[in-house]
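The next block holds one structure in the form of structure tokens; read it before the comments.
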Amino acid sequence: MKERTLTYRQAVAEAIAEELARDPRVFLMGEDVGLHGGAFGATKGLFEEFGPGRVKDTPLTESVIVGAGVGAALTGMRPIVEIMYIDFMCMAMDSIVNQAAKVKYMFGGHARVPLTIRTAFGAGRGNAAQHSQSLETWLTVVPGLLVVMPSTPYDAKGLLKSAIRNDNPVIVIENKLLYGDSGHVPEDDYLVPIGKAAVRKEGKDVTLIATSRMCNFASSAVEKLSSEGIDVELIDPRTIKPLDMETIAASIAKTHRVVVVNEGPKTGGFSNEVSSKIMDTCFYDLDAPVVRVAAEDVPIPYNAILEAEVIPAEKDILAAVKKVMEE
Amino acid sequence: MAEQINSQKLIELYELMVRIRFHEEAIKVLFTQGKIGGTTHLCIGQEAIPAGVIAQLRPDDFVSSTHRGHGHMLAKGGELKPMLAEILGRIDGYCKGKGGSMHIASITLGNLGANGIVSGGLPIAVGSGLSAKMRGTDQITVVSFGDGAANEGNTHESMNLASAWQLPVLFLFENNGYAVSTHTSISMGGSMEKRAAGYDLPYIKVDGMDLEAVHIAAKEAITHVRSGKGPYLMQCDTYRYEGHYYGDPMVYRTKEEIDSWREKDPIKHVESIMVERGILTKEKYQKIKEDIQTEVNEAVAFAEASPQPPIESMFEDVYTEWQP
């Protein structure tokens, strides 16, 4: 039987549709998620199928979209809210950081916040500095949040379904340039566990850890390196909070060399946290210092040539792996 | 004759106001003794508002409260012992000692939390309102906010969405005149009445020092909201006798100003009308006060005797456990 393929955006829509059908407490709200089908088409068809009662177009009011999600989650609903671009989360940070993330703890545990916050990030579309950022690191530093970054249609569906069924606030960070990618998505009701990395390719020479779209870049770098005789193990963390250090440590115990790639700026970036955790737990397994690949410490420029230079590219990953192999 | 609260209800609400006042007075003592950490915001002077509005709610209604939220919690069914234990950071507190004065909450009592972020509770109230509407209940949400929050974007955005979606939310504007030290004459453009009109919210302004006026206005507002007619905005002009926080030097206002508001004290006001209407004699209400003072003293003793939370509890309740 031929494997069914869906695009990443179809996988997202299907995950939401299945959960809306499965649980009457689930609903979706956000800017243009209704008839318009979402800014990136990832909620297409949901309004037609479930109606305005459960697929709600909101005003442009990010703080209230998330805050109302918290209030609804505290009182018996399981909202999915969409913040169109991760950059717009800046308008919602109080609701995310001070409210959603903390109410359970502040209330001594007698609250549950089954809230899913979907958003889209990433550069590469000429959207310039306020629509292209990688702000995922900000979210990982807030205790109380779970953060996932699917890189394939399969994970986009499976992680989103897990997020919707989770009783904690989960931030699902999708990538704008991945929405059109196709991949295998089974028709059965599967979940991808939150907190579990995927080993995309096994290898023995070097561990390459890359998130979201960077995992695609890494994947094509891995093939080229293979033809040069470098056998790379590619790990996609999928969940960046909590990080699956078990999978990472097991890989490093085998390869003794690591490259970490993420799309955000290098200073204070997510690859730093991965690198630190590796130092904490895997230092004596390392034969070479951890190498980080990340964006330059500049805002994302509009010009396409500049933009491509700012964010990591396949060539940067190739160079990093070769560097770590030379040590 | 103007509408009045019946005698039994008036006594009940009087007791609640006295309980709130004595609770806050007890905190002053504990704070002065160095037993309370951080900062605590007292609602002394504003008691008629929780007693007049929140005490009318049903147990299954919701309240989204503020940093000055002790009165809201007591009016929503909160008990003195876990209140004071929480304020002392002890294990028997409403939040097991991890929330403190600014985060007292009880989901079972319908209090979705005091809130340390000015205006942080308004979007949450929109959500609980939406939830009630989606679940097809007639539960309502009362969200308190002050004149500080009045100028935050969250407040405007929340009123807008509650109006656009006709949500069962009563916006309770407790205008005590000052955001920390800044008076509304400096901070507020326009008026809340005009803002309410802008969002098409029915609006009423009452003397927040007058329990009866607050209660009667709130009754109408609550009926409106519960009947599915959408949100409502109620303004109560009031005053906090203490500073923004306990210990605030209050250089921004005069003793004369404070004294002029103390003359309108909501508790004394109810005492005088109870005597005037022959509901309670001075001796009787003094006895009520003594009994409540005893109740508060017992709660303080309970709270002080409550154990500190165990160290390992710092790792508890960050997340609700999930199956991978």
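Quick mapping for you: the protein sequence lines, in order, are chains A and B. Mapped onto the working numbering, the consecutive letters of the first sequence carry residue numbers 1 to 327. Mapped onto the working numbering, the consecutive letters of the second sequence carry residue numbers 1001 to 1324. Idealized CB from N, CA, C, for every residue including glycine. Note that the structure is a prediction, hence the values are computed from the model and not measured.
Apart from the five residues on each side of it in sequence, which residues of its chain come closer than 8 angstroms, Cβ to Cβ, to residue i?
| i | result |
| --- | --- |
| Cys1095 of chain B | Glu1086, His1103, Ile1104, Ala1105 |
| Val310 of chain A | Ala123, Ala295, Glu296, Val298, Ile300, Pro301 |
| Tyr1246 of chain B | Ile1027, Lys1028, Phe1031, Thr1039, Thr1040, His1041, Leu1042 |
Measuring only the C-alpha atoms, how far is residue i from residue j?
| i | j | result |
| --- | --- | --- |
| Met77 of chain A | Leu20 of chain A | 12 angstroms |
| Val1296 of chain B | Arg1019 of chain B | 8 angstroms |
| Pro299 of chain A | Pro143 of chain A | 27 angstroms |
| Arg1253 of chain B | Gly1243 of chain B | 10 angstroms |
| Ile171 of chain A | Ile164 of chain A | 10 angstroms |
| Lys1133 of chain B | Met89 of chain A | 26 angstroms |
| Glu14 of chain A | Thr1223 of chain B | 42 angstroms |
| Val1126 of chain B | Tyr1203 of chain B | 18 angstroms |
| Phe217 of chain A | His131 of chain A | 21 angstroms |
| Glu1312 of chain B | His110 of chain A | 18 angstroms |
| Ile1036 of chain B | Ser162 of chain A | 41 angstroms |
| Met1083 of chain B | Gly1093 of chain B | 6 angstroms |
| Val1251 of chain B | Ser1185 of chain B | 17 angstroms |
| Ser1158 of chain B | Thr61 of chain A | 8 angstroms |
| Gly1034 of chain B | Ile1011 of chain B | 35 angstroms |
| Thr1066 of chain B | Val12 of chain A | 37 angstroms |
| Gly1100 of chain B | Asp1138 of chain B | 31 angstroms |
| Arg112 of chain A | Thr7 of chain A | 33 angstroms |
| Leu46 of chain A | Asp32 of chain A | 12 angstroms |
| Glu1079 of chain B | Gly1116 of chain B | 21 angstroms |
| Asn166 of chain A | His1269 of chain B | 51 angstroms |
| Asn272 of chain A | Val324 of chain A | 16 angstroms |
| Gly34 of chain A | Gly41 of chain A | 10 angstroms |
| Val148 of chain A | Pro1059 of chain B | 38 angstroms |
| Glu1054 of chain B | Glu1174 of chain B | The amino acid at residue 1054 of chain B is misidentified as Glu; the sequence shows Ile. Going from the Cα of Ile1054 of chain B to the Cα of Glu1174 of chain B covers about 13 angstroms. |
For residue i, which residues from the same chain have a beta carbon less than 6 angstroms from its beta carbon, with the 5 sequence-adjacent residues on both sides left out?
| i | result |
| --- | --- |
| Ser1119 of chain B | Ala1149, Glu1152, Asn1154, Thr1155 |
| Ile1124 of chain B | Ser1064, Leu1112 |
| Glu3 of chain A | His184 |
| Met992 of chain B | This structure cannot settle anything about residue 992 of chain B, because the visible part of chain B is limited to 1001 through 1324. |
| Ala129 of chain A | Pro299, Ile300 |
| Arg118 of chain A | Glu82, Val172 |
Of the residues the options, which one's Cα is nearest the Cα of residue i?
| i | options | result |
| --- | --- | --- |
| Val55 of chain A | A:Gly67, A:Ala17, A:Met84 | A:Ala17 |
| Leu1326 of chain B | A:Arg25, A:Met84, A:Ala111 | No information on residue 1326 of chain B is available, as it lies outside the stretch 1001 to 1324 that chain B covers here. |
| Lys277 of chain A | A:Ala128, A:Val321, A:Ala308, A:Ile240 | A:Ile240 |
| Gly203 of chain A | A:Asp231, A:Ala218, A:Glu223, A:Phe217 | A:Asp231 |
| Tyr284 of chain A | A:Leu306, A:Thr61, A:Thr255 | A:Thr255 |
| Ser1306 of chain B | B:Ile1091, B:Phe1062, B:Ile1027 | B:Ile1091 |
| Gly53 of chain A | B:Arg1135, B:Val1053, B:Pro1059 | B:Arg1135 |
| Thr267 of chain A | A:Glu327, A:Thr116, A:Trp138, A:Ala221 | A:Trp138 |
| Phe1315 of chain B | B:Gly1278, B:Ser1158, B:Lys1098 | B:Lys1098 |
| Gly1110 of chain B | A:Pro79, A:Ala72, A:Asp32, A:Gly269 | A:Ala72 |
| Asp1061 of chain B | B:Ile1005, B:Val1143, B:Val1270 | B:Val1143 |
| Ile1049 of chain B | B:Gly1146, B:Val1318, B:Glu1276 | B:Gly1146 |
| Phe50 of chain A | A:Phe40, A:His36, A:Phe27, A:Leu177 | A:Phe27 |
| Ser134 of chain A | A:Asp57, A:Asp87, A:Asp280 | A:Asp87 |
What is the DSSP secondary structure of residue i, reduced to helix, strand or coil?
| i | result |
| --- | --- |
| Met943 of chain B | Nothing about residue 943 of chain B can be reported from this structure: the residues present for chain B run from 1001 to 1324 only. |
| Pro1310 of chain B | coil |
| Ala198 of chain A | strand |
| Leu208 of chain A | strand |
| Phe107 of chain A | coil |
| Thr247 of chain A | helix |
| His1215 of chain B | helix |
| Phe1145 of chain B | strand |
| Phe27 of chain A | strand |
| Asp57 of chain A | strand |
| Ile117 of chain A | strand |
| Ile173 of chain A | strand |
| Asn303 of chain A | coil |
| Ala1299 of chain B | helix |
| Leu6 of chain A | strand |
Just checking: is the beta-carbon of residue i within a distance shorter than 9 angstroms of some beta-carbon in chain D?
| i | result |
| --- | --- |
| Ala1150 of chain B | Going by chain labels, chain D is absent from the structure shown, which instead holds the protein chains A and B. |
Heavy atom of the ligand MG less than 8 angstroms from the Cβ of residue i, yes or no?
| i | result |
| --- | --- |
| Leu234 of chain A | The ligand MG is not part of this structure, which contains no ligands at all. |
Report all residues from its chain with a CB closer than 7 angstroms to the CB of residue i; omit the five preceding and five following residues, and keep chain order.
| i | result |
| --- | --- |
| Gly195 of chain A | Thr239, Pro242, Asp244 |
Next item on the list: Examine the Cβ distances between the region 1193 to 1205 of chain B and the region 1251 to 1258 of chain B and report whether three or more of them are shorter than 8 angstroms.
Entry: no
Margin query: So, does the region 244 to 264 of chain A touch the region 209 to 217 of chain A, judging by three or more C-beta pairs under 8 angstroms?
Written below: yes
Next item on the list: Decide if the region 220 to 229 of chain A is in contact with the region 285 to 293 of chain A; the criterion is three or more beta carbon pairs, one per stretch, under 8 angstroms apart.
Entry: no
Item checked: Stretch-stretch touch, CB-based, cutoff 8 angstroms, three pairs: the region 95 to 104 of chain A with the region 147 to 165 of chain A -> no
Notebook entry, point to check: Counting Cβ pairs, one atom from each stretch, are 3 or more of them under 8 angstroms apart for the region 1021 to 1038 of chain B and the region 245 to 259 of chain A?
Noted result: no
Checklist line | At least three beta-carbon pairs within less than 8 angstroms, the region 89 to 97 of chain A to the region 64 to 77 of chain A | finding: yes
Item checked: Segment contact, 8 angstroms Cβ cut-off, at least three pairs: the region 1162 to 1170 of chain B with the region 1227 to 1242 of chain B -> yes
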